[in-house]
Structure formats: structure tokens, C-alpha cells
Amino acid sequence: MSNKLSNAQIAWRAAQDIENEAYVNLGIGFPEMVAKFQPPGRQAIFHTENGILNFGESPPEGEEDWDLINAGKKAVTLKPGAAFFHHADSFAMVRGGHLDVAILGAYEVAENGDLANWSTGPKGVPAVGGAMDLVHGAKRVAVITDHVTKHGQPKLVKRCSLPLTGVGCVTRIYTSLAVIDIVDQRFVLREKLAGLSLEELQAVTGAELVIAGDIADLVAPEI
Amino acid sequence: MSNKLSNAQIAWRAAQDIENEAYVNLGIGFPEMVAKFQPPGRQAIFHTENGILNFGESPPEGEEDWDLINAGKKAVTLKPGAAFFHHADSFAMVRGGHLDVAILGAYEVAENGDLANWSTGPKGVPAVGGAMDLVHGAKRVAVITDHVTKHGQPKLVKRCSLPLTGVGCVTRIYTSLAVIDIVDQRFVLREKLAGLSLEELQAVTGAELVIAGDIADLVAPEI
Amino acid sequence: MDKTVPDLAAALADIADGMTLMIGGFGGAGAPIELIHALIDRFRATGGPTNLTIVNNNAGNGRIGIAAMIDAGMVAKMICSFPRSADPRAFTEKYLAGQIELELVPQGTLAERIRAGGAGIPAFYTPTSYGTDLAKGKPEAEFDGRMYVQERWLKADVALIKAELADRQGNLTYRKAARNFSPLMAAAAGLTVVQAMRVVEPGAIDPEQVITPGLFVNRIVEIADAQQEEALMRAGVAYS
Amino acid sequence: MDKTVPDLAAALADIADGMTLMIGGFGGAGAPIELIHALIDRFRATGGPTNLTIVNNNAGNGRIGIAAMIDAGMVAKMICSFPRSADPRAFTEKYLAGQIELELVPQGTLAERIRAGGAGIPAFYTPTSYGTDLAKGKPEAEFDGRMYVQERWLKADVALIKAELADRQGNLTYRKAARNFSPLMAAAAGLTVVQAMRVVEPGAIDPEQVITPGLFVNRIVEIADAQQEEALMRAGVAYS
Chain Y
5 MSNKLSNAQI
15 AWRAAQDIEN
25 EAYVNLGIGF
35 PEMVAKFQPP
45 GRQAIFHTEN
55 GILNFGESPP
65 EGEEDWDLIN
75 AGKKAVTLKP
85 GAAFFHHADS
95 FAMVRGGHLD
105 VAILGAYEVA
115 ENGDLANWST
125 GPKGVPAVGG
135 AMDLVHGAKR
145 VAVITDHVTK
155 HGQPKLVKRC
165 SLPLTGVGCV
175 TRIYTSLAVI
185 DIVDQRFVLR
195 EKLAGLSLEE
205 LQAVTGAELV
215 IAGDIADLVA
225 PEI
Chain F
5 MSNKLSNAQI
15 AWRAAQDIEN
25 EAYVNLGIGF
35 PEMVAKFQPP
45 GRQAIFHTEN
55 GILNFGESPP
65 EGEEDWDLIN
75 AGKKAVTLKP
85 GAAFFHHADS
95 FAMVRGGHLD
105 VAILGAYEVA
115 ENGDLANWST
125 GPKGVPAVGG
135 AMDLVHGAKR
145 VAVITDHVTK
155 HGQPKLVKRC
165 SLPLTGVGCV
175 TRIYTSLAVI
185 DIVDQRFVLR
195 EKLAGLSLEE
205 LQAVTGAELV
215 IAGDIADLVA
225 PEI
Chain R
2 MDKTVPDLAA
12 ALADIADGMT
22 LMIGGFGGAG
32 APIELIHALI
42 DRFRATGGPT
52 NLTIVNNNAG
62 NGRIGIAAMI
72 DAGMVAKMIC
82 SFPRSADPRA
92 FTEKYLAGQI
102 ELELVPQGTL
112 AERIRAGGAG
122 IPAFYTPTSY
132 GTDLAKGKPE
142 AEFDGRMYVQ
152 ERWLKADVAL
162 IKAELADRQG
172 NLTYRKAARN
182 FSPLMAAAAG
192 LTVVQAMRVV
202 EPGAIDPEQV
212 ITPGLFVNRI
222 VEIADAQQEE
232 ALMRAGVAYS
Chain H
2 MDKTVPDLAA
12 ALADIADGMT
22 LMIGGFGGAG
32 APIELIHALI
42 DRFRATGGPT
52 NLTIVNNNAG
62 NGRIGIAAMI
72 DAGMVAKMIC
82 SFPRSADPRA
92 FTEKYLAGQI
102 ELELVPQGTL
112 AERIRAGGAG
122 IPAFYTPTSY
132 GTDLAKGKPE
142 AEFDGRMYVQ
152 ERWLKADVAL
162 IKAELADRQG
172 NLTYRKAARN
182 FSPLMAAAAG
192 LTVVQAMRVV
202 EPGAIDPEQV
212 ITPGLFVNRI
222 VEIADAQQEE
232 ALMRAGVAYS
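Protein chains in written order, with this note's numbering: chain Y, 5 to 227; chain F, 5 to 227; chain R, 2 to 241; chain H, 2 to 241.
So this is what it looks like as C-alpha cells:
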């Protein structure tokens, strides 16, 4: 086993928790990868902020219709039973709690459920998109992320240092090393890589990992 | 000339002030009569609260479609260019100020523009419908009414005694005796029946009639 | 994904005493008569559901639909804008006898409160009702020199609505002005139950022509020969 | 009633310095390229309109559309959720040089503020942005134990939007996901200008399928061979 999961493997693991027929929004970028790892026999219905429900994969290159795109401005296709709607109706679905799952990326997640994923500080051009809406938009808001930054610093922290996207909004985190729930403002460890000791995991985590019940092995296929 | 205009004649007079291609909402009951007195060459577009724009007259008896009704629950027809929409969109049109004219009935209108037309007091079953929305819903909110109650009491008053529909919302009043604008919280007389003296009109009006400029004769054809 | 259920009884399962029900329709247009009458049947057979709060523009007409629910004694409270009709006996009698509660809401405010309930907007400001008895006790605020009343969202446990077409995923269209409150109610209820004139396969409704997207719908029952409330009224039908 | 105008110049008449313009589209889908480029032409010929505030989800891409307006120096302020794109040079350069103002609004809040502007709702509460930098200075309130931020309506002097079909009375349909913000903007602007792929006679659009009813529309110009912004981008076209 490699010493951490790849992004594709993290996305695979997150996909295993999406129920059949769930309504799901995947944040732009890395989270979009979750769609292709739905377990056999399950079919989620995907929502995109710009006004489509039940869209499918990208069309072959050269067959794009640029009036049929997702929130990341990628060309998509439609599945049978798709619907178009305007932006206020789209965010009524989000803000109104009609989605079952939203899966987002993260710069930092704090043990109190706070998420920072839109701004790395005052430099450059700020851009927020739909992130601040989505964190209040689903019955379950999950994060997928590498466990540490590219400099090796913890991304799971006691309190976020970067500008917040939302307060107390994250309920589960899938990382390259572990699966962690946020319960009563604490990180509760559910799964970790088999080859990794609890001490090693704690050492790269910025807040205490609570043990409550069995810790399963985090496993994902080679992808 | 009769000593007062009939309801049909009041409706006719109000119809003369509706510009060609205006978007208009007519309150249920008496105000609905205004639609049939549009001057030749003018065609208003009528809105009904329950979600139709550009509806037309009632169909012949026996040809009603009871899914195609107006706010008064009367069967209507559609004109070319009609549109259906849901109730929130319908009242977005109203509240958002997208109608040019709303014409309503009245129990009382006060010189400060207050209107009472939904409740005659605490007895019986109260019902408000769309009246409180419509009074804030048009660039011009006009009232059509007999000048006095059936007991001969003024309906144009200094301050309303009945429960209000809206505050300071009425801009013009068409009565059986006169046409009156509300300007700076005063009744400004514009037209009166030729056979009626100013003193006679003032005697059946509950607040001072201000004279500002010429008073035209109020005339309407026999209908 | 198939949200169709075999019959009215399955469609109405889990509707319990004390719940708030939004019922689509404006007058007879859009009134889900078969769903309502099946719920009355259940009440007669089992004594429940009762003590219901009903949200609709009106408070029933004659002896059918919502009026028949009131007659049957299932309704504790009406939230509506216009509890009058051609034949308002059912509500009027109970109201004057103090046996039913009324929350009177201006029609546009009712629509917007339901829309807010579905859209996750807990409160909004409207000019409607400012300075009137219906604004009493509500917060007021000034914006850009004009006064407004704060209104709260309205949600329900269940919505009962009537659609023209429904695909199995719950995408809906409505017939003419039968649309009215139904798309708003579908979004504002925890459980949305639809009676459709026709159930079609996903893909049969043009995605640009869907009025209520399927994620707002939980159960669909096909009632091909659905009755129109106004037509029943004029035929003198009574369900009380 | 005929709201069509003969050409782009007539469609854009009365757009003046300092105005707020809502421009439809999300990325390239729904971007009214011909209206935008004709406005740039007018600016180059006459020096106006300039000092504009533009409302759009994004802040332009490449050297066309809104990016070309920014490059031309017509834009004083952007109100948007995501001023990034495949090629955000036009905005980025001016922003970092302090030559353009940015009001950053979460995407759903932007949509709801525009919707509120059209619907006569001066303010509403949303959970979005609570506890973040984007809520700073805004009133907050608790409803049912949860905290919310008060947001204000957003209106504009002019909306520029792209439709699929327009009848002469202004009833509109949109193509696929090109709908996005356009129906909201049409309602929130004092003057709504539409470029339509095809103008049809009243009655040609099924009343149940109208997305934007005509009363929100003031002027329609038919641009049958309208360009798609994303396709122009990928073809390397520049209008700056």
C-alpha cells in the first residue's frame, strides 16, 4: 500500500458513501471526480449551480454545446429526466436544503466544522462563486482533501486561519490518510490507512483526534 | 344628464386614462368592468394574480375551462402572447412595480391616500386576497367607487375609519360625481358633473376639495 | 429512480395528526381532489389524520375538497388569504362557532412566504400590509425611505398537489392556470405528494419545459380521470 | 404591441454614463455578445457610455464580451461572484492596478438579490456568508436558533440579455443552461434589452412554456447568427 491515497482514491472513497438516487452537488475541480466512482447499481442525480439537474459526463471533444455547461464551465451532457431552471431557483434548491450531499474541497477544516476553501488571503483577486451557498446547502456537507498541505502542514486544524467559507458546516472529511467525522465540534476518527499508526496520523493533524468506537482500515482500490 | 354616473359609466371614465399597451390589474368585481371600455385603438394587457398575463374575455357559457380562470374565479380566455406563471412570480410582478395601473374598489379613501377596501370591521369572516399587495403593485393605483355609501355617507374622507388596505397608496379616484387626484395628501378636484355645484360636491365629500387649475366637466356616454 | 406509488393510500401514508399540509390550487384550478378525498376516507375509517393545519389560498367551497375536510372535522387551522367562495358554509360555520382557527395572510405575502420556505430564506421584507391590522406585532424596517414589514417563511410537513405530467423522477408540468401555488408548495414541504394526470418516462418532458424539478417531489400517483373541483361544484356534488 | 427594434444601436439607445448594467450569462452560456460589442463600438465612436457598474456572475474572459468592455475602460465597478476565468487578464490587470472596483457576492446571494430587486423585496435573510468576511458590516439576526445575514435587493438601470425565442410582446424562452441569471435580471432592470435568436409572432410560444413574461422586456433585437462567447474564446477571437 502506498503511504497515502491519491486524489482519485479519495474521490472513490467519498463516492462509496453516496446513497443511490441521492441529489448531489460536487464542487468544481477535484470534487467533480467523485461522479465517476459511483458504486455499481447506484445512480446519484447531480445538480450544478448554473441551473441543471441530472446532467451527465462531458461529451467527446468537438461535440461540446457551450450552452450546456456545469458550474466549472465544462461542457456536460444530459441524462433522461434532466431539468433546466434559473439561478434563483437553483440556489433555492441549495439554500433550501434540498440536496442530500455536497462535496467540496478545502484549504482548512477546523474541528468545530468551520471550512476555509475560497481565499488564501488578501493577495490577488478574490473569488467565491457558489462555495458559501453550498456549505449551507445540503443535508450532509463533506470535504475531500489531502491530509496536509504541499508544505506538509496540517489542513485539519483547531481553528481556521484563512478566511472562512462557512461556520460549523462540515460533517465528514475524506483525506489522503483518514476518514473523520465532526461530532460536537471534535474530530472523530472513523478510518485510517492500515500502515499508519494513530500517533503518526495525530502528528500531521492540527487538532486532537477523538477515538469513539472501532477504527476501520481506510481502503481504496488502485485507480 | 342623470344626477350621477352609473357603475358602467365610472368604469368607462377610468378606462379612458389607460394608455395603449399598458399592463393593468383590475380588482375583482366592479373594477373588472373597466376592461370592456378600452377606447378604440388601445389594447391593454391584463394581469391576474393567479398567474396569467394577457387574458381575454369570458368564454361562452358551456365552453369554460376551469383551469383557465382569473382572480375572481371567473373563466377567461387567452389572447395571443399570453403567459402562465406561478403565484410567487405573479406577485413579483405586482410588488416589484411592473404593472402600470391597478384599479380597485373602495369602502373609504382618505385624502392622505389611505385606502380601506377589505374589511368592514370585526364581524363575520375576514378575507383579504390580493388587495394589500395590489395597492403597492402599480405605478398608478386608482380607485373607482360611488361617491357616497348607500346610506349617503361620504366614501372620500379625511381619515379612514375602517381597517386599512394600504397607507398613502391611492393616486386617483373616479367616482359617480367626480374625478379627484391625491396630491400632497389632499383631494385635488379635476372633473365634476356639469350639473353639480362645487358646494354640492363638497357637501358629500368628507375632506376639503382643493381647486388647482381648471375643473373639467365629467362626461361619460349613456351605456 | 421511480417515485410513483400504486394508489392513493400509498401516496398519503405517514400523514399524521397535527401536521401542516399545503394544498395546491386556486379555487378549483389545481385542487388535488382525489388526494383530498382519499385523506377524508382515511379519516372516516381510522379517525386520523385530524387536528391539521391547512395552507391554501382559500378555505374550501361547497361540500367537496378542503370544505369537506373542514366539514369532517379534520382541520384545526386554516392559513389562507381569502376564506370566501361561492359557497363558504363549511369554513364560515366552524369559524363563527370558534371551532377553527384562521391565519389571514395577504395573497402575495402567502406566496412569498411559501417560496421563502422552499428557498431557505427565513425572513424577508415586503411593503404589503404595512400600516394595516395584518402587520400588527410584526417587525418593521425602513429601506431607502420607505417602510416595510418583516414576514417569516412558511413550511409544511406535506404538500398535496396536482400536476398535468409527471415523469417517474418527479419532474412536473401543470395545466394552464392550475400551476398557481403548487410549484412553491412542492419546494416548501418535507414530503411532496403529487397526483398527475399522466405519468411519463424520464426524458419525455423537455428539460426546458419542466416547471417543478424532480428533487422537490417524493411520491407520484397517476389519476388519469381526475375531477375538477369547480366542475364538481357546478354539478352539485357533495363529499361531506 | 411590437417591442422589436431595427438594430443594435436602437436597442442600446439611452444607455448612459454611470449606469448599472446587468448582463446575462454564466461563462459563455447566455452572454449577449452582440449587444456588448455594439456598446463597445458606441464607446469607441462617442466616448460613452463609460463609468459603468456591471453585474454578472463573472468578470469577463479573454478579450471579448465583458472583458473587452473592461479593456476598453468602460467599467468602473464589477458586482460578481467569481472574477476568474480561463483568461481573466482584463479584470485582473485593472483590479490589481486599483482601476476597477469589485463587489464580491456569493453566487446564490447574487441571484437572490437580483430576484429580490425584481420582486419588490428590499431585504431578506440568508445563511450564506454568515461568519465570513463577506458578511462584515451587514445586519445579522437569529431565526429559530440559527444565525442569518441580511442582504439587500439589487436593481439595475439596464439589463442586456440573450434569449432563444422572443415574441413581439417580449415573452422569452432560453436555450438550455443559457437561462441562468437572465430571467432574474430581466425583472430587476428599469430597461430590459434582449437579443433573440429568433423573433416570432405573439401566440407562437406556448403560454405554459414562456420563461420570461413580456412585461419584463422593453426592447428586442433579432440576432439570428449570434456568437457564443466560449466558441469565440476557443477560436482565439479578440474584440479588445
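Think of the CB as a built atom: it goes at the ideal place given N, C-alpha and C, for glycine as much as any other residue.
Values in this document were obtained by computation on a predicted structure and should not be read as measured data.
Among the residues facing chain Y, Phe125 (chain H) is not included, as its CB has no counterpart in that chain under 8 Å away. Closer than 7 Å at the C-beta level to chain Y, one finds these residues of the region 207-230 of chain R: Pro208, Glu209, Val211, Pro214, Gly215, Leu216 and Phe217.
Assignment of Met186 (chain R) by DSSP, reduced to helix, strand and coil, places it in the helix class. DSSP links Leu161 (chain H) through a beta bridge to H:Ile24 and H:Val194. Residues of chain F with a Cβ closer than 7 Å to the Cβ of Asn172 (chain H) are, in chain order, Gly85 and Ala87. Annotation for Tyr131 (chain R): no beta strand (DSSP E) segment contains it, and DSSP assigns it neither H nor E. Arg46 (chain F) is not a Cβ neighbour of Glu115 (chain F), given a cutoff of 8 Å. Interface annotation, Ala92 (chain F): in contact with chain R, CB-CB separation under 8 Å. Bridge partners of Gly60 (chain F) according to DSSP: F:Thr81. In the DSSP annotation of this structure, the continuous segment of the beta strand (DSSP E) that includes His51 (chain Y) starts and ends at Ile49 to Thr52.
Within the region 106-124 of chain Y, no residue has a Cβ lying closer than 9 Å to any Cβ of chain R. Annotation: the continuous beta strand (DSSP E) that includes Tyr149 (chain H) extends over Arg147 to Arg153. Phe41 (chain F) and Pro225 (chain F) have their C-alpha atoms spaced approximately 11 Å apart.
The alpha-carbon separation between Glu230 (chain R) and Ala32 (chain R) amounts to approximately 7 Å. At least one CB of chain F lies nearer than 8 Å to the CB of Arg180 (chain R). Chain order gives the chain F residues near Asp168 (chain H) as Gly85, where near means a beta carbon separation below 7 Å. Per the Cβ contact rule, the region 176-193 of chain H is not in contact with the region 62-75 of chain F (fewer than 3 Cβ pairs under 8 Å). When R:Thr193, R:Ala30 and R:Ala189 are compared, the shortest CA-CA separation from Leu111 (chain R) is found for R:Ala189.
Restricting attention to H:Ser241, H:Gly191, H:Ala87 and H:Gln210, the CA atom closest to the CA of Val218 (chain H) is found in H:Gly191.
Along the length of the region 131-194 of chain Y, whole alpha helix (DSSP H) runs at least 4 residues long occupy 135-138, reported in chain order. Interface annotation, Met97 (chain F): in contact with chain H, CB-CB separation under 8 Å. Interface annotation, Ala190 (chain H): not in contact with chain F, CB-CB separation never under 8 Å.
Taking CB atoms only, Glu23 (chain F) has no neighbour in chain H less than 8 Å away. Spanning the alpha carbons of Asp134 (chain H) and Arg116 (chain R) requires a straight line of approximately 28 Å. Closer than 7 Å at the C-beta level to chain F, one finds no residue of the region 39-64 of chain R. For Ile122 (chain R), the neighbours in chain H by C-beta distance under 8 Å run, in chain order, Glu113, Phe125, Tyr126 and Thr127.
Between the C-alpha atoms of Ile22 (chain Y) and His51 (chain Y) there is a straight-line separation of about 14 Å. Straight-line measurement puts the Cα of Val223 (chain Y) at about 10 Å from the Cα of Ile14 (chain Y). Gly217 (chain Y) sits in a strand when the DSSP states are folded into three classes. Here DSSP, grouped into helix, strand and coil, assigns Phe125 (chain H) to strand.
Relative to Met75 (chain H), the option among H:Ala227, H:Tyr96 and H:Asp18 whose CA is nearest is H:Asp18. At least one CB atom of chain H sits nearer than 8 Å to the CB of Leu82 (chain F). Under the DSSP assignment, Lys8 (chain Y) falls outside any beta strand (DSSP E); it carries neither an H nor an E label. Contact note: Leu57 (chain F) reaches chain H through Pro214, Gly215 and Leu216, using a C-beta cutoff of 8 Å and chain order. In chain order, Ala69, Met70, Ala73, Met75 and Tyr240 place their CB closer than 8 Å to the CB of Ile41 (chain H), counting only its own chain and leaving out the 5 sequence neighbours on each side.
Tyr111 (chain F): not part of any beta strand (DSSP E); DSSP gives it neither H nor E.
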